[in-house]
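Asker:
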Amino acid sequence: MPYLSPEIIADYMRVSPNVVSMGRASRQWRLLREEIMDLESRFNRMLVGLTAQWSGPVGLQVIEAATPFLRWLNDLSAKLFETKEQIARIIGAYAHVYHTVVPTARIAANRTRRAQLLVNDPLGQNAAEIAQLDEQYLRFWTHNGRAWERYRSELSDALSQITPFPPPPPIANNTESVQPIRTDTSVSDSSASSSG
Numbered sequence: 001m002p003y004l005s006p007e008i009i010a011d012y013m014r015v016s017p018n019v020v021s022m023g024r025a026s027r028q029w030r031l032l033r034e035e036i037m038d039l040e041s042r043f044n045r046m047l048v049g050l051t052a053q054w055s056g057p058v059g060l061q062v063i064e065a066a067t068p069f070l071r072w073l074n075d076l077s078a079k080l081f082e083t084k085e086q087i088a089r090i091i092g093a094y095a096h097v098y099h100t101v102v103p104t105a106r107i108a109a110n111r112t113r114r115a116q117l118l119v120n121d122p123l124g125q126n127a128a129e130i131a132q133l134d135e136q137y138l139r140f141w142t143h144n145g146r147a148w149e150r151y152r153s154e155l156s157d158a159l160s161q162i163t164p165f166p167p168p169p170p171i172a173n174n175t176e177s178v179q180p181i182r183t184d185t186s187v188s189d190s191s192a193s194s195s196g
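Heads up: the sequence shown runs through residues 1 to 196, numbered per the UniProt record's numbering.
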């Protein structure tokens with residue numbers, strides 16, 4: 001058989017993390033994205049306020065230093081959204097296969113009945129019913145195996161869409177390139193010193 005046994009697949013779906021826990025994880029990713037979006041908005045407002053007060057080289061330097069970080073926040077927000085979407089996709093795939101696979105109890109009933117017929121059949125009178133049970137078990141095997149393969153394929157594709165988050169860029173610049181703006185007083189003092 002190319003697939004895992006139907007019992008193994010059914011048991012895995014029964015004991016693995018359920019839709020509720022995965023739903024909680026999806027909500028946490030959504031909340032994190034909302035926090036990042038709020039941070040991006042507040043950071044942008046702060047930057048606008050600073051550049052409104054500063055002009056010339058200093059203002060340009062602030063913009064140049066902060067722009068990569070703002071871009072990173074925007075990209076991070078998009079990645080968080082994509083992560084949430086892929087988790088939702090995994091939840092959908094899990095829920096589908098959970099309700100599709102033949103459950104453990106039904107498989108166990110098949111095997112138990114077969115064992116009973118075999119023990120109580122010294123003359124082979126139950127051969128036909130045993131054959132029917134074996135045929136049903138093979139259908140369980142194929143059915144659960146195909147459902148499992150579809151789930152694995154969907155899970156693998158969804159996980160491949162979740163890429164690592166890049167580290168934030170430093171908010172820094174070459175401050176030596178910006179010289180203090182000389183005030184009228186400093187200019188006057190310099191002129192007075194030169195004339196003296």
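By construction, the Cβ of each residue, glycine as well, lies at the ideal position given by its N, Cα and C atoms.
Since we're looking at a predicted model, the values are computed, not measured.
1) Should S26 be labelled buried (16 or more other beta-carbon atoms within 10 Å of its own) or exposed?
2) Assuming L32 contacts L80 (C-beta within less than 8 Å), just tell me the rounded distance between them.
3) Is it right to say P6 is buried, meaning 16 or more other beta carbons lie within 10 angstroms of its own, or is it exposed?
4) Are there three or more Cβ pairs, one per stretch, closer than 8 Å when the segment 129-136 is compared with the segment 53-62?
5) Find the nearest neighbour of F140 within the set I107, Q125, N120, judged by alpha-carbon distance.
6) Measuring CB atoms only, is the segment 88-104 touching the segment 147-160, in the sense that at least three cross pairs come out at less than 8 Å?
7) In or out: R14 buried (at least 16 other Cβ within 10 Å) or exposed?
8) From this set, A128, L76, P168, which residue's C-alpha is nearest residue 267's C-alpha?
9) Can you name, in chain order, every residue of its own chain whose Cβ lies under 7 Å from the Cβ of I87, other than the five neighbours on each side?
10) Using the Cα positions of F43 and P103, report the straight-line distance between them to the nearest angstrom.
11) For the alpha helix (DSSP H) that S153 lies in, which residues bound it at each end?
Answerer: Let me lay it out:
1) Buried.
2) Between L80 and L32 the Cβ distance is about 6 Å, and since that is below 8 Å, they are a contact.
3) Flag for P6 reads buried.
4) Of all C-beta pairs linking the segment 129-136 to the segment 53-62, fewer than three are shorter than 8 Å, placing the two stretches out of contact.
5) Closest by C-alpha distance to F140, out of I107, Q125, N120, is I107.
6) Yes, since at least three Cβ pairs between the segment 88-104 and the segment 147-160 fall closer than 8 Å, the two stretches touch.
7) Exposed, by the Cβ-count rule.
8) This structure leaves residue 267 out entirely; the chain is present only between 1 and 196.
9) For I87, where only same-chain residues beyond five positions count, the Cβ hits under 7 Å are M22, A25, S26, W29.
10) One C-alpha to the other measures close to 52 Å.
11) In the DSSP annotation of this structure, the continuous segment of the alpha helix (DSSP H) that includes S153 starts and ends at 127-160.
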